[in-house]
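Throughout the sequence shown, residue numbering follows UniProt numbering, covering 1 to 647 in sequence.
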Amino acid sequence: MSAHVYPMPDAVKTDARLNPETYASKYQDSVSNPEAFWAKEGERLTWFSPYSKVKQTSFAPGNIDIQWYADGTLNACYNCVDRHLAERADKTAIIWEGDEVDVQKSISFRELHEQVAKFANGLKKLGVKKGDRVAIYMPMVPEAAYAMLACARLGAVHSVIFAGFSPNAIADRVNDCGAKVVITSNEGRRGGKGVPLKPNVDEALSDDACPTVEHVVILKHTDVAYDMQDGRDVWWHELIGDCDTDCPAEVMNAEDPLFILYTSGSTGQPKGVVHTTGGYMVYASMTHEYTFDIREDDVYWCAADVGWVTGHSYIVYGPLANGTTTLMFEGVPTYPDVSRIGKVVDKHKVNILYTAPTAIRALMAKGDSAAKGSKRDTLRILGSVGEPINPEAWEWYYKTIGNSRCPIVDTWWQTETGGILIAPFPAATDMKPGSAMLPFFGVKPKLVDNEGQELQGATEGNLIIEDSWPGQARTLWGDHERFEQTYFSTYKNVYFTGDGARRDEDGDFWITGRVDDVLNVSGHRLGTAEIESALVAHECVAEAAVVGYPHDLKGQGIYVYVTVVDGVEANDELKKTLVQWVRKELSPIATPDYIQWSPGLPKTRSGKIMRRILRKIAGNDYSNLGDTSTLADPSVVDSLIENRLNR
Ligand code: ATP
Ligand code: MG
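Rendered as C-alpha cells:
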C-alpha cells in the first residue's frame with residue numbers, strides 16, 4: 001500500500017513551535033549535544049536545588065544504570081500545582097466530565113492546591129511517608145489526580161491500578177509493590193452502570209492476602225454503601241475533615257521513584273515499571289508541549305484512563321506541569337451513544353483530543369453517527385496512541401471527527417518510555433496515515449536485524465533505541481535483573497522496544513506491530529499491522545486481528561479474526577470477497593488461510609488486541625493461554641475457542 005500524504009493544515013502552521021527546518025536543527029542539536037540540550041530543557045521545571053550533573057547512563061551488560069539530573073532536588077506535585085499559584089491560581093486546572101451527560105465540574109489551580117494538600121495531610125495521619133508505596137484504584141474522578149499528586153507531594157510512590165481490574169489483579173500488584181495504603185472509591189460509574197470498587201478491594205485484601213496494607217481510604221463517589229472494616233477503612237471526607245491546606249512538598253532527589261506502573265500485559269505477565277522524578281517530569285512536560293503544540297488557553301482532553309501510562313504522562317503530570325487545562329472523562333465514548341465524544345468537545349470547547357485506535361474503530365463501526373449533534377470546530381489537533389492506527393481508521397478520524405482540518409499525531413511510545421518517542425510533531429512534517437513519522441528530540445531509533453546488525457535506508461527490522469532519554473524507566477520494581485533481561489539482553493548496549501518497524505524512503509517510521517507477532521509465510525516477513533489495515537479498509541470490516549499458526553508447507557499460515565460492521569451479514573461469500581481483497585490490496589502472499597468471524601476480540605483492559613491468545617487458538621493449542629489476568633472480557637475467548645476453524 002503506497003502512502004497517501006496529507007500536508008499539515010495551514011491553520012496549524014501559524015505560530016507553531018516547529019517547522020521542518022527548526023525540527024531538523026533542534027533534533028540535530030539534541031543528539032549531538034545531549035548534555036547541553038537536556039541541561040537547558042531541565043530548566044522548564046522548578047528545582048529546589050539545581051543539578052550539576054545531567055546525563056549519567058549506561059546500557060552496558062551487567063551495568064544497566066540510568067540517571068538524569070541526579071544531584072538536583074525537586075517535587076513533582078510542586079511543579080504541577082504550587083508553582084502555578086502565582087500566575088494561574090484562578091485558571092481551570094481540571095475539567096471533569098462525569099459518566100452522565102449533565103454531570104461536570106471545574107477545579108482551579110487554587111482549589112487543586114487545597115484539595116491535594118489536605119489529602120496529603122490526611123495520608124500523613126495514616127503514617128504515609130517518603131518512600132512508602134500507595135496503591136490507587138479509583139474511577140476517573142478528580143480525586144484520582146488528587147491522590148496521585150498527594151503521594152508525589154509526600155514522596156510516597158504511587159501505583160495506580162486500572163479500575164477495571166479484578167480482585168486477583170489488584171492483590172498481585174499490591175503485593176508486588178508492598179503497598180501500605182489503598183485508595184479507592186465506594187463505586188465508579190461507567191456507561192450508566194455502577195462499578196463496585198470497594199468490594200473488589202475487600203476481596204483482594206480478604207484472608208490477609210495483602211499483609212502490607214494497613215489502611216484503605218474510600219472516596220464516597222455515589223450513594224451506594226458498603227461495610228467499613230474497623231481500624232482499616234476510612235472515608236476520604238472524614239480523613240481530610242480536620243486537615244489544613246498547609247502541607248510542604250517533600251524535597252525529593254531527581255532519581256527518587258515517582259511511581260510504579262504495571263504494563264498492559266499484552267505479551268505476558270505485567271511488569272512493574274519504575275519511573276523517577278526529575279527526568280520523567282522534564283520529558284512528560286516537554287513532549288506534551290511539543291506533541292500537542294500547547295497554547296496557554298488550550299482545553300486539552302486525553303481520553304485515556306489514569307490507570308495507564310498515557311493517563312499518568314498526558315492527563316496528569318505533563319499537562320499540569322505545563323499549567324494546561326486538562327479534561328478528565330469518567331465515562332465511555334459510546335454512552336449514552338456514539339455522539340458523546342463530539343458533544344463533550346463542543347460543550348467544553350476542547351482544542352486537543354487524544355484517544356486510542358480501539359475507541360476510534362468502535363465509533364467508526366457506527367458510520368457517521370459519532371459526528372451527529374456536534375460541530376467540533378474548536379478542535380485544532382487530534383492524537384492517537386496505544387496501537388498502530390489503521391489508515392482507514394486514520395482517515396475516518398481525520399474527516400469525521402476532525403472535519404479534515406486537524407492534524408493527527410500518531411504517537412508511538414510505551415509504559416517503559418515514560419513519554420512519546422515517535423510522532424508527526426505539528427508542524428514539523430506532513431502526515432502519512434499509519435505512520436508515526438519522526439523521533440522526538442534526543443531519541444535515536446534504529447532498526448536492527450535479528451543478530452543486532454544495524455539496517456540502513458528504507459527497510460524493516462526490530463526497533464531499538466540507541467541511547468537513553470530522560471523519561472526512560474529506571475528498573476522493574478524489585479527486579480533489576482528482569483529489567484536487563486527484558487530490554488537490554490536481546491541486543492547489547494541498546495534498549496530493545498519489542499516492536500518492529502519499517503522506515504520508508506523519506507526516513508519516516510511505521511510501527512509494524514510486536515516483533516513476536518511478525519509472521520513468516522513461505523520466507524516472507526509480514527507485519528500484523530499491515531494485513532489488519534488492509535482488512536479494516538474493507539467497508540464491511542470493523543476490526544481485524546491477524547496471527548500466524550504452524551503450517552506444513554508455508555512454515556506459517558495466516559489466520560484472521562474479523563469483526564464485521566454493524567448490520568453486515570458474515571457469510572461465506574464475504575469470506576471469499578475478503579480473501580480477494582487482501583490479495584489485491586496487499587499481496588497474494590498475504591492470502592488468509594482461515595477467516596473466523598469474531599463478534600468480539602480478546603483485548604487488554606486498555607483496549608489492545610491480545611494476539612498471543614489468538615495465536616494459541618489459531619494453532620489449536622488453547623489449553624494453556626498464559627497470563628489472562630489483564631483480559632477485559634474472558635468470555636470472548638471461550639466463544640472463539642468454541643468456533644475455531646483449525647482443528
Ligand atoms: P506488555 O508490555 O505487558 O506486553 P503493552 O506493551 O501492551 O503490555 P503498553 O506499554 O501500554 O503495554 O503499550 C506499549 C505498546 O503499545 C508498544 O510497545 C506498541 O506495541 C503499542 N503502541 C503504542 N502506541 C502505538 C502507536 N502509536 N503505534 C503502534 N503501536 C503502538
Ligand atoms: Mg510492552
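The beta-carbon is built from N, C-alpha and C at its ideal position, and this holds for glycine as well.
- Distance from the Cα of D621 is smallest, within the candidate group T630, I641, S635 and R611, for I641.
- Cβ-Cβ distances below 7 Å link Q269 to D627 in the same chain, with the five nearest sequence neighbours on each side left out; the list follows chain order.
- Within the same chain, and ignoring the five residues on either side of R83 in sequence, the residues whose Cβ sits closer than 8 Å to its Cβ are T46.
- Apart from sequence neighbours up to five positions away, the residues of its chain that approach Y487 with a beta-carbon distance below 6 Å are Y495 and F496, ordered along the chain.
- At least one heavy atom of the ligand MG lies less than 7 Å from the C-beta of T263.
- Around the CB of S30, 16 or more other CB atoms lie within 10 Å, so the residue is classed as buried.
- Non-local C-beta neighbours of E395 in its own chain, meaning closer than 7 Å and more than five positions away in sequence, comprise P433, ordered along the chain.
- Sequence-distant Cβ neighbours of V282 in its own chain, meaning closer than 8 Å and more than five residues away, are W38, E41, G42, R44, L45, W68, Y69, P470 and G471.
- Closer than 7 Å to some heavy atom of the ligand ATP: that describes the Cβ of I511.
- For K432, there is no enclosing alpha helix (DSSP H), as DSSP gives it neither H nor E.
- When beta bridges are read from the DSSP output, L219 appears opposite S185.
- Contact check for E330 against G72 fails: the beta carbons are separated by 8 Å or more.
- Distance between R644 and G548, taken at the CA atoms: about 14 Å.
- With a cutoff of 8 Å on beta-carbon distance, Y397 and I360 are scored as near each other.
- For I136, the uninterrupted beta strand (DSSP E) run begins and ends at R133 to Y137, by DSSP.
- When only Cα atoms are considered, G419 and P439 end up about 12 Å apart.
- Bounds of the beta strand (DSSP E) holding S159 are V157 to V160.
- Here the stretch 235 to 252 makes contact with the stretch 119 to 130; the two share three or more CB pairs at distances below 8 Å.
- About 13 Å separates the CB atoms of V338 and A303; that is not less than 8 Å, and the two are not in contact.
- The three-state secondary structure of L553, taken from DSSP, is coil.
- Inter-residue distance for M8 and I294 is about 16 Å (C-alpha atoms, whole angstroms).
- The shortest CA-to-CA distance from G523 to any of M138, E530, H551 and D346 is the one to H551.
- By the 16-neighbour rule on beta-carbons within 10 angstroms, A86 is exposed.
- Where Y78 is concerned, the enclosing alpha helix (DSSP H) starts and stops at A76 to C80.
- Distances taken from the Cβ of T267 to the heavy atoms of the ligand MG include one shorter than 7 Å.
- Checking the DSSP bridge columns, you'll see Q596 partnered with Y561.
- For Y27, the secondary structure class from DSSP, reduced to helix, strand or coil, is helix.
- By the Cβ test, the stretch 509 to 523 is not in contact with the stretch 88 to 108, since fewer than three Cβ pairs between them sit closer than 8 Å.
- Taking the C-beta atoms as reference points, A356 is found no nearer than 8 Å to G164.
- Between the ligand ATP and D410, a heavy atom-to-CB distance of less than 7 Å is present.
- The alpha carbon of T22 has as its nearest neighbour, out of T429, I218, F109 and R340, the alpha carbon of T429.
- Distance from the C-beta of Q453 to the nearest heavy atom of the ligand MG is not below 7 Å.
- Taking a contact as a CB-CB distance under 8 Å, the pair K271 and L476 counts as one, their CB atoms being some 5 Å apart.
- Bridge pairing for Y354: C302 and G383 [DSSP].
- Secondary-structure assignment with DSSP links L447 through a beta bridge to L455 and L463.
- Separation of G131 and V157 (C-alpha to C-alpha, rounded to the nearest whole angstrom) is 6 Å.
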